[in-house]
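Protein chains in written order, with this note's numbering: chain A, 15 to 333; chain B, 30 to 228; chain C, 1215 to 2024. Glycine residues also receive a C-beta, built at the ideal position from the N, C-alpha and C atoms.
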Amino acid sequence: MFPPLPNPSTAPGPARFGDKDLIRRSASTVTPPAQRQTEVAKLIDVSKCIGCKACQSACLEWNDQHEEVGVNTGVYDNPHDLTPASWTLMRFTEWVNPETQNLEWLIRKDGCMHCEDPGCLKACPAPGAIVQYSNGIVDFVKENCIGCGYCVKGCPFNIPRISRVDEKAYKCSLCSDRVAVGQGPACAKACPTQAIVFGTKEEMKKHADGRITDLKSRGYKNAGLYDPPGVGGTHVMYVLHHADKPEIYAGLPNNPKISPLVELWKGVAKYAGFAAIGALAVGSVLHRLVAGRSEVSREDETNAQRLAREEETKERASP
Amino acid sequence: MNMELSRRGFLAGAGAGVAGTTLGAFGFGDVEAAHAASIRPFKLANTAEARNTCTYCSVACGIILYSKGDLKKGEKAEIIHIEGDADHPTNRGTLCPKGSALLDVVHSKTRTLYPQIRKAGSDKFERVSWEQALDRIARLMKDDRDRNLVLKNADGVTVNRWTTTGFLAASATTNETAWATYKVVRSTGMVVFDNQARV
Amino acid sequence: MTNSWTDIKNTDLVVVMGGNAAEAHPCGFKWVTEAKANRGAKLIVVDPRFTRTASVADVYAPIRQGTDIAFLLGVINHCMQTDKVQWDYVRAFTNAAYVVKEGFAYQDGLFTGYDESRRDYNRSTWDYEIGPDGYAVVDETLQNPRCVWNLLKQHVATYTPEMVERICGTPKDKFVQIARMIAECASPTRTMTSMYALGWTQHSKGSQNIRAMAMLQLILGNIGVRGGGMNALRGHSNIQGLTDIGLMSNLIPGYLTIPTEREPSFDAYMATRGFKPLRPGQMSYWQNYRKFFVSFQKAMWGEAATADNAFAYDWLPKLDVPAYDVLRAFELMHQGKMNGYFCQGFNPLLSFPNRKKITTALSKLKFLVVMDPLQTETARFWENHGANNDVSPAAIQTEVIELPTTCFAEDEGSLVNSGRWLQWHWAGGTPPGEAKHDTWIMAQIHLRLKELYRKEGGPVPEPIVNLDWRYKDPNEPSPEELAKELNGYTTADLTDPNDPTKVVIAKGKQVPGFAVLRDDGSTACGCWIYSGSFTEAGNQMARRDTTDPDETGAYSKWAWSWPANRRILYNRASADRSGKPWDPSRKLLEWDGTKWTGYDVPDIAPTAKPEEVGPFIMNPEGVSRLFTRGMMRDGPFPVHYEPFESPVVNVVAPKVRGNPVARVFRNDMEQFGDAKEFPYAATSYRLTEHFHFWTKHAHANAVLQPEFFVEISEQLAKEKGIKPGGTVRVWSKRGSVTAKAVVTKRIRPLVCDGKTVHIVGIPLHWGFTGAARKGFGPNSLTPFVGDANIETPEYKAFLVDIEPVAGPVA
């Protein structure tokens, strides 16, 4: 058995990482720490997952989130999508394997991948609203968020969600509060079958190797690790039985990359005065006065797309 | 006693690797690091702990109740978090979606809080005191038993059997509650007596 | 469970059939995951639905609900035909060689002695031939055509792979693949575990479903060994404890039984409980019955139970029927023959079949008392909730008293898990409002009754006024005091039988175990199988030592398990006749020439010689039973019977409807539907997101699975014009519900005997109180009939019709 995550201590103690360990900060420059912390990772072994939603439950409880009671729409996915309160979600896919004709019920825990090269952070125009620690955790800082929604557009995995209540962006923090005191994320502690494990990224890769060997011995010849290089690797990784087809797992991107639009939006936003406001760290009140609704406007998006087309045309024109 | 023992359980023993090789080794050298802006304060600091067992299925996962205020010190205790007990041999700290949300059942908005009586034909419950409720129950029981206890059967055999009032026992109460219940129910001669094991 | 959750890691093959362990017991299921990851174990799931357990299985096969016996007897047939039998085990530890009486026979689905008018058997021929020495006759050569082995071989021959496919709808190739995988476990070094739950019990032949698998496990030599066993996963956190302590009409704690009116005296009662060994030298442990019974009476009535009054034998009620189980209780209530009812942490309005009948029955009561930490539907059965509870309060004359109780987090005590571990827990929170412990409430009721009888007199007050209630605070006995009573204590000095001057245990001490209990009134013990749980050495249930030598998964210093802290039942059978482990790599016990040594407490005396004493000490034979004699009402071997409501006729016994001896009350018989009117085979079950009707009160769980739905195949949806997420009406002969439709590939039509059978899956978690959306339970639809032996209602197989309807769920 993979060593279980320890029980939390109730004795107050200092945090094991903090601002000095920042390696990226949105719309700002940081001085990188002299020494990078050991990178952490969460490994989600889809082949061991029983779809019980303990991770969802533990996440709601630990983070004191209040999700709405929804409805049944003919599927097991509840809520139906990630929300500002639900930072993780089991996505269920009924897939008939064309080779064996056997039904496979693919169940994937969706949530922030904590990319090494985080598109959300890069897209974010608000200084310090998104930070990345040297251990790999990408965290949102609510106080600095202006609710513009750029992080949603910047994320290759479509993860962050904007709250209609406070117009702030939310996503999984990898339980930074728990990791900071030497614990693992609440979902990993709870996971009944250890389909979710947590540790250093190196350890997780090693553990994944063992799992992949077992899966291959059971006939899953394309079993493999999902640690997509297009975003510099991730600090949440999957073991997939069919790693050659990540898209069958409820649309897990085959080769995720940060959209080239991200940088361009930021350019557009400059014209709109967005980033400037962000840079001045003015709160959302002023932000609304100037920019209206706190999301990427259709006009911005159209402009960005136009610019992107022009960029592409330029690229093609100058080989 | 048990908290002490548990600390010497798996994690210190079999699971020593955890602290040594993973979580302890993130390179977080010194401890004086300032709390980062994004990281919320650890919510279990200074809470009291109690070892308990999940109330749902009979895997019987070990859980820890974290409370503000400590019952053991005679204080009022409000449970603020419930988590799997990593020292437990069966669940090793894990919990299912029900167990992970135990806090929500403890603090459910639909918990019963006061004794209530709904009178015959009424469309509502009315709050009563424990004294009123218990006196009423004892009266109803005795009247029914006095009227309907079967002392002897047709053959004259002493049977002391009470079949007109029944008792359906629980499935999640403790053995000790079960025993107290058994004694009280059996002593009345009640035979319409069953529990959840049947279904 | 014969074994424990942590022992499952030792297995080579897990068969989940009659259960859905990954969904209903996720944290226990981790040990299946461990066995797969570390031992290369395989997982087989056989279920009408492709469940979340199936999603991680190596092999899944569909089966029509209610046909498990045909499947399992098919596997037994396969093993016998292909000689995949652990012969040394079968010869040494089962009754394969026992010769059955002349006159016993089986034909067309019935055994000898059937009386249709009584729906019962005369079981006199279902027994062994007894030799002149007074012992059962055995033929070690297995040549006698009447020996159990040959009768069984003949009995299962019907269940060929083709017949299994006809009955079960399981494709033959899948069945054969699974039968072969199981048969490999006949090797002494390969072990299979059976994990089952209510998918097997909730049938009119539930007990026989389990017997069929137990027989298979014996043939494969998988009982009593590490990684083997019959593992009933059990539903609720202390359902094992409540059963152990005998909170049933016909039980006394520790599986002793309440007297019947045919037993007017203590001597008459004991006459049928002698349990003389059926083979020489066997322990036949029930020979100690009298000690356990007298000690129980002493725990009940203390000094008032004496030899002179036959230890208060008359104060126990005497039964006139086998049991006043819940179905009988609600039948009596429905007939207007009951006046009062208590529900302690139980919600019958949603838990018992044929809800319409339950509502009518409750409406005929004079009073109903509900003790619960949550606002149950039962306590509000008189409240109108539109379509979800369409009643008229004014027409219901039942007085309802609702008492708020504490929940697990606010109380202290022990619970028994499926693996028989008694684990102590401590309170962590202050009860809300005026909620009180159940122990306080029961004490208050008792003290008030006692006072009323003292003041007013009345019939037979003795058992009430003499009930032993010497607690420090009579208003609320403490968990420790009650636990100590369950363990047992001496009421007088216990002296050495060989030297009466020598005191072995002084008066007033906790007993160390049931071996010291006596039948002369010098010991008191609430529940003999718990003896050893709270001794002079302290509360053994509170132990938290996680050491586990050689990582066998026994954890014998963690908590305490009954009996005698034994972790695997029948563990002597883990070694061969001479006492050597079948599989040295999975040693459990071993005979070292003078005594048994190993990782567990042996279930026979530690110095009992291996060749002499059989491992199955509770049986007078000393061996296990492939043939159960007359101990089960519906036959010494299992037979495939269709559910009472079945989409097809029984191909092995066309004239028999349902289980021929299951008790059916007259009005309920008329309420059974047939396949012409109700063409679809329905089944009910739990979902992993919820626990019965409790977690709908927990907000997070209401979020995870918010609304009542039913599941059907894509084919049936197409046939009926039902859209995914659309609303449907489902109805049976007894009621109707509306639900959302989940249309899924995980349920598919089966072909049984040439007929297409569609399955409708109905989960059970919704009602009209709590945080989740209002909905219905399957009990609005299910039939009012139970298992022939233990009356567990037939929830898993019944008939319905379905149609799309407009609009949202009411």
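By the rule that beta-carbons nearer than 9 Å mark a contact, R1266 of chain C touches chain A. Taking 9 Å as the CB threshold, L1636 of chain C lines the interface with chain B.
In the DSSP assignment, Q1558 of chain C forms a beta bridge with C:M1585. DSSP links N1753 of chain C through a beta bridge to C:F1748. By the criterion of a C-beta distance shorter than 6 Å, R1404 of chain C is surrounded in its chain by D1226 and E1398, once the five residues flanking it on both sides are discounted. Residue environment for P274 of chain A: exposed (fewer than 16 other C-beta atoms within 10 angstroms of its C-beta). Among the residues of the segment 72 to 93 of chain B, those with a Cβ less than 7 Å away from any Cβ of chain C are A79, R80, N81, T82, C83, T84, Y85, C86, S87, V88, A89 and C90, in the order of the chain.
At least one CB of chain C lies nearer than 9 Å to the CB of E205 of chain B. Annotated as proximal: A1912 of chain C and K127 of chain B, with beta-carbon spacing under 9 Å. By the neighbour-count definition (other C-beta atoms within 10 Å, threshold 16), T1296 of chain C is an exposed residue. Beta bridge pairing from DSSP links Y1335 of chain C with C:Y1328.
The beta carbon of G247 of chain A sits closer than 6 Å to those of E130 and D241, all from its chain and outside the five residues before and after it, given in chain order.
Residues of the segment 204 to 215 of chain A with a C-beta less than 9 Å from any C-beta of chain B: A204, C205, P206, T207, Q208, F212, G213 and T214, listed in chain order. Annotation for P1240 of chain C: the continuous alpha helix (DSSP H) segment containing it runs P1240 to R1253. Between W1596 of chain C and I1610 of chain C, the CB-CB gap stays under 9 Å. For D153 of chain A and L100 of chain B, the gap between their C-alpha atoms comes out near 37 Å.
With a beta-carbon spacing of about 5 Å, N1785 of chain C and L1803 of chain C fall inside the 8 Å limit used to define contacts. Residue burial annotation: R1758 of chain C is buried, with at least 16 other C-beta atoms found within 10 angstroms of its C-beta. If you draw a straight line from the Cα of E1343 of chain C to the Cα of A1822 of chain C, it is about 27 Å long.
For the segment 54 to 85 of chain A, the set of positions with a beta-carbon nearer than 8 Å to some beta-carbon of chain C reads S61, K62, C63, I64, G65, C66, K67, A68, Q70, S71, L74, E75, H80, E81, E82, V83, G84 and V85 in chain order. Nearest to T194 of chain B by C-alpha distance, out of C:K1512, C:I1290, C:L1579 and C:K1490, is C:L1579. If you check each beta-carbon in the segment 146 to 171 of chain B against every beta-carbon of chain A, none falls closer than 9 Å. Between the alpha carbons of W1654 of chain C and V1439 of chain C lies a distance of about 43 Å. Check the Cα spacing between K153 of chain B and each of C:E1613, C:R1380 and C:I1392: the tightest is with C:E1613.
Of A:W76, A:E82, A:S23 and A:P47, the smallest CA-CA separation from N75 of chain B is found for A:S23. Taking C-beta separations shorter than 7 Å and ignoring five residues to either side along the sequence, the partners of Q1391 of chain C in its chain run V1273, following chain order.
At least one CB atom of chain A sits nearer than 9 Å to the CB of E1903 of chain C. Residue contact with chain C for W101 of chain A: absent (no Cβ-Cβ distance below 9 Å to any residue of chain C). Under the three-state reduction of DSSP, K56 of chain A is assigned to strand. For M15 of chain A, no pairing in a beta bridge is given by DSSP. Per DSSP, Y1894 of chain C is one residue of the beta strand (DSSP E) stretching across Y1894 to Y1899.
C-alpha of E1648 of chain C to C-alpha of P1618 of chain C: approximately 7 Å in a straight line. Closest option to A1249 of chain C, judged by alpha-carbon separation, among C:Y1899, C:N1993 and C:T1766: C:T1766. The shortest C-alpha to C-alpha distance from S1747 of chain C to any of C:T1760, C:V1944 and C:G1727 is the one to C:G1727. Residues of chain A whose Cβ lies closer than 7 Å to the Cβ of S129 of chain B are, in chain order, A68, S71, A72, E75 and A204.
For the segment 32 to 48 of chain A, residues whose beta-carbon sits nearer than 7 Å to a beta-carbon of chain B comprise G32, D33 and K34.
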